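One structure is given below, encoded as structure tokens.
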Amino acid sequence: MFRAFESGKKGLAGVSLVPFNGGMKKSACVALVAGALSCMGGALSAAPATPERPNVIVLIADDLGYGDLSCYGAKALRTPNMDRLAAQGLRFTRGYAASATSSPSRYALLTGLYPWRNNIRILPGDSPLIIPTERPSLAAMFRNAGYATAAVGKWHLGLGGKTQKDWNKPIAPGPREIGFDYSFIMAATNDRVPCVYFSNGSVVGLDPNDPIEVDYRKNFPGEPTGKTHPQLLKMHPSPNHGHADSIVAGVSRIGFMKGGQAARWDDSCMADVFSEKARSFIDANKDKPFFLYYALHQPHVPRVANPKFAGKSGLGPRGDVILEADAQIGELLACLKKNNLDKNTLIVFTSDNGPVLDDGYADEAVAKARAQKHSPSGSLRGGKYSLFEAGTRVPFVVWQPGVVKPGVSDVPVAQLDCYASFARLVGGKVPAVTDSVDTLEVFRGRSKTSARKDFVIEATSRLAYRSGDWVYIPPHKGPKVAGLTGIELGNDAAPALYRIDGEARQTENLAKKHPKKLAEMQAAFERAKR
Ligand code: NG6
Ligand code: CA
Numbered sequence: 000m001f002r003a004f005e006s007g008k009k010g011l012a013g014v015s016l017v018p019f020n021g022g023m024k025k026s027a028c029v030a031l032v033a034g035a036l037s038c039m040g041g042a043l044s045a046a047p048a049t050p051e052r053p054n055v056i057v058l059i060a061d062d063l064g065y066g067d068l069s070c071y072g073a074k075a076l077r078t079p080n081m082d083r084l085a086a087q088g089l090r091f092t093r094g095y096a097a098s099a100t101s102s103p104s105r106y107a108l109l110t111g112l113y114p115w116r117n118n119i120r121i122l123p124g125d126s127p128l129i130i131p132t133e134r135p136s137l138a139a140m141f142r143n144a145g146y147a148t149a150a151v152g153k154w155h156l157g158l159g160g161k162t163q164k165d166w167n168k169p170i171a172p173g174p175r176e177i178g179f180d181y182s183f184i185m186a187a188t189n190d191r192v193p194c195v196y197f198s199n200g201s202v203v204g205l206d207p208n209d210p211i212e213v214d215y216r217k218n219f220p221g222e223p224t225g226k227t228h229p230q231l232l233k234m235h236p237s238p239n240h241g242h243a244d245s246i247v248a249g250v251s252r253i254g255f256m257k258g259g260q261a262a263r264w265d266d267s268c269m270a271d272v273f274s275e276k277a278r279s280f281i282d283a284n285k286d287k288p289f290f291l292y293y294a295l296h297q298p299h300v301p302r303v304a305n306p307k308f309a310g311k312s313g314l315g316p317r318g319d320v321i322l323e324a325d326a327q328i329g330e331l332l333a334c335l336k337k338n339n340l341d342k343n344t345l346i347v348f349t350s351d352n353g354p355v356l357d358d359g360y361a362d363e364a365v366a367k368a369r370a371q372k373h374s375p376s377g378s379l380r381g382g383k384y385s386l387f388e389a390g391t392r393v394p395f396v397v398w399q400p401g402v403v404k405p406g407v408s409d410v411p412v413a414q415l416d417c418y419a420s421f422a423r424l425v426g427g428k429v430p431a432v433t434d435s436v437d438t439l440e441v442f443r444g445r446s447k448t449s450a451r452k453d454f455v456i457e458a459t460s461r462l463a464y465r466s467g468d469w470v471y472i473p474p475h476k477g478p479k480v481a482g483l484t485g486i487e488l489g490n491d492a493a494p495a496l497y498r499i500d501g502e503a504r505q506t507e508n509l510a511k512k513h514p515k516k517l518a519e520m521q522a523a524f525e526r527a528k529r
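First residue of the sequence shown? That's 0 in numbering that gives the first Met the number 0, and the numbers climb one at a time after it.
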């Protein structure tokens, strides 16, 4: 039988394989195989019995917007594999991340807790682990229920303990200590050092004679940065955005690193590397139930598409990497099909937060989107970092052919509710203290009545409150529009009340027109926070 982690062998489709447990060489860029996608068919079996304990994949993109997918209305680019998930599955028009930025959003998904309860913010790349090890995470819930578990892709939840860490030794606590049997991750974001992969806590491909050092305050003497050596850059930082520190693979990043040359990643290969690791995990665990947290790095900055996709979208690098992510999803679906797991695997496909065009690099995202009339937020107001809808209302598709009823649902759902919903699905336990609510039947399209009645969202430490068709944004200090990204943040001196049913644009503040509703929302918000 084909075992993907037999080092050095060629897989069935001629894909070069790298060892499952790390050992990957720096330039190991797995060749994609044209035509590896097999047609998913899509016919539902007549009277499907619910498979017991299906495999579960949380497939989460990074900064992918509500309007970035053709199945959510994008016209300027096509996302055929995302669309296939949506066509065969249930596409939610009101699916929410808990936060408009990454670390808090992922924290919520993996703990079932609101991130603002513990003041979770965007983490630097050298942050300690922020997920408690003593309380079972979503991964631990699956592991305790007998599932094999893996995290592949973007992490951004911190690694190691509170004291200064040595990147040249295995780092713990990390994914393993919160319930992932296997992990192959980047520590933080693709624009933050350290720019190396970690397999089960250790840097992949590290030469012990060239140790890694990381510092977020000052550079190491003599090391080139985007500021001192702009001639070395193939992608330049946007003015005033930072992102001009250490240079890795021709891109200057946030933070400084030294050494680890052989281990440094090449952004243009990252999609293939993560895709191969995710598929190897599936191949290796096809005979037992598994939970895979697969965190795509696109379209977060820096957007460096593989040459196969560069220039293909007409929207510049941001569009190109969305096509690349879409192809990764095609490979994932083909892998499930190949292993005969496509009826017994539930996928939630979503994004950690809303979209942004200029988030740190001069990559033409703004100009190309304007020229092609592409709105990454769709018809919603705001974007990443915003309390308006596009900050947290994200693509949200649940897929399991034969089990999830295909269609479109406007029932509000939250990533936060994956914990309690999946716990019921697999016979796992939910901790006594939780913000997660079991909405499994809504996820599967079998009920339109959700146990989730309201939702507190967070954007850069500010809160807003949703209930039914309404959202209340309390007064917040700060600029209305962010100077760097040009995104409307949702700050106002006056309280704001909007209706958010349908494709809500949030143009009219209804606070004055509906004082009773406003008071009711304010009171409910205070209760929800308690
Ligand atoms: C911000 C960065 C932005 C991005 C973000 C994290 C600046 C000016 N901006 O601080 O480029 O890295 O952090 O994005 O440094 S997230 O999707 O992981 O939350
Ligand atoms: Ca993000």
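Virtual Cβ for every residue (Gly too), placed ideally from N, Cα, C. Small disclaimer: the values here were computed from a predicted structure and weren't measured.
Starting from the C-beta of C417, find all residues in its chain whose C-beta is less than 7 Å away, skip the five residues before and the five after it, and write them out in chain order. V57, L108, L137 and V347
Do you know how far the Cα of E519 is from the Cα of G533? Residue 533 cannot be examined here, being either before or after the span of the chain that is shown, 0 to 529.
Taking the continuous alpha helix (DSSP H) assigned at D82, which residues delimit it? P79 to Q87
With a threshold of 7 Å on Cβ separation, who are the neighbours of S385 within its own chain once the five nearest residues in sequence on each side are excluded? A99, G353, A458, I486, E487, L488 and G489
Among residues of its own chain, excluding the 5 on either side of S37, which ones have a beta-carbon nearer than 6 Å to its beta-carbon? For S37, the predicted structure reports a pLDDT of 29, less than 50, and the residue's modelled location is therefore unreliable. A value from the coordinates is still provided. So the list reads A333 and K336, once near-sequence residues are dropped.
Classify L322 as buried or exposed, calling it buried when 16 or more other Cβ atoms lie within 10 Å of its own Cβ. buried
Meets three-Cβ-pair contact criterion under 8 Å: the stretch 135-152 and the stretch 174-193: yes
Under 7 Å: does the beta carbon of T100 sit that close to some heavy atom of ligand 3? For ligand 3, the structure offers nothing, since it holds only ligand 1 and ligand 2.
What's the C-alpha gap between R529 and D468? 22 Å
Among the candidates P174, A75, N339 and Q414, whose CA atom is the shortest distance from the CA of T438? Q414
Output the distance between the C-alpha atoms of K479 and G72, rounded to the nearest integer angstrom. 27 Å
Integer-rounded CB distance, given that G254 should sit under 8 Å from V300: In fact, because the Cβ distance is near 14 Å, the residues do not count as touching under 8 Å.
From the DSSP output, read off the bridge partner residues of F289. A147
Below 8 Å between beta carbons: does that hold for Q87 and P394? no
In whole angstroms, give me the CA-to-CA distance for M39 and F289. For M39, the predicted model reports a pLDDT of 29, less than 50, meaning its position is unreliable; a value from the coordinates is still stated below. Counting only the Cα atoms, F289 lies some 21 Å from M39.
Can we count N189 as close to ligand 2, meaning its CB is less than 7 Å from some heavy atom? no
Given the structure, does H240 come close to ligand 2, in the sense that its CB is under 7 Å from one of the ligand's heavy atoms? Checking every heavy atom of ligand 2 against the Cβ of H240, none is found closer than 7 Å.
Considering only residues of the same chain and omitting the five flanking positions on each side of P474, which have a CB-CB separation below 7 Å? D491, A492, A493 and P494
Looking only at its own chain, which residues have a Cβ that is under 6 Å from the Cβ of Y292, when we skip the five neighbours before and after it? Setting aside the 5 residues that flank it on each side, Y292 is surrounded in the same chain by V57 and A150, each with a C-beta closer than 6 Å to its C-beta; the list follows chain order.
Which full runs of the alpha helix (DSSP H) of 4+ residues lie inside the stretch 320-377, going along the chain? 364-370
Taking the alpha-carbon positions, what's the K311 to L232 distance? 22 Å
Does DSSP put Y113 in a helix, in a strand, or in coil? coil
According to DSSP, which residues form a beta bridge with H255? According to the sequence displayed, residue 255 carries Phe and not His. Partner(s): D214.
Is Y113 closer than 8 Å to G377 when the C-beta atoms are compared? no
Got a sec? Which residues, its chain only, sit under 8 Å from K74 by beta carbon, not counting five neighbours each side? K372 and H373
DSSP three-state label for T92, please. strand
Taking M234 as part of the beta strand (DSSP E), name the residues at either end of that continuous run. That residue, M234, is in no beta strand (DSSP E); it is neither H nor E in DSSP.
Going by DSSP in three states, K516 sits in which element: helix, strand or coil? helix
How is F4 classed by DSSP in three states: helix, strand or coil? Unreliable positioning characterises F4 in this predicted model, as indicated by a pLDDT of 26, which lies under 50. The coordinate reading is nonetheless provided below. F4 falls in the coil class under three-state DSSP.
Coil, strand or helix - D453 by DSSP: Strand at D453.
Straight-line CA distance for A35 to I328? Unreliable placement is indicated for A35, whose pLDDT of 30 sits below 50; the coordinate value is still reported in the next sentence. So the alpha carbons of these two residues sit roughly 12 Å apart.
Under the criterion of a Cβ to heavy atom distance below 7 Å, does D434 qualify as lining ligand 2? no
Which same chain residues end up closer than 8 Å to G313 when comparing Cβ atoms and leaving out the 5 residues on each side of it in sequence? Short of 8 Å from the beta carbon of G313, and not among the five residues preceding or following it, lie these beta carbons of its own chain, in chain order: A75, L76, K367 and Q371.
Between which two residues does the alpha helix (DSSP H) containing F273 stretch? M269 to A283
Is the beta carbon of P115 sitting closer than 8 Å to the one on L462? The sequence given here has Trp at residue 115, not Pro. Yes.
Which residue or residues does DSSP assign as beta-bridge partners of S182? A150
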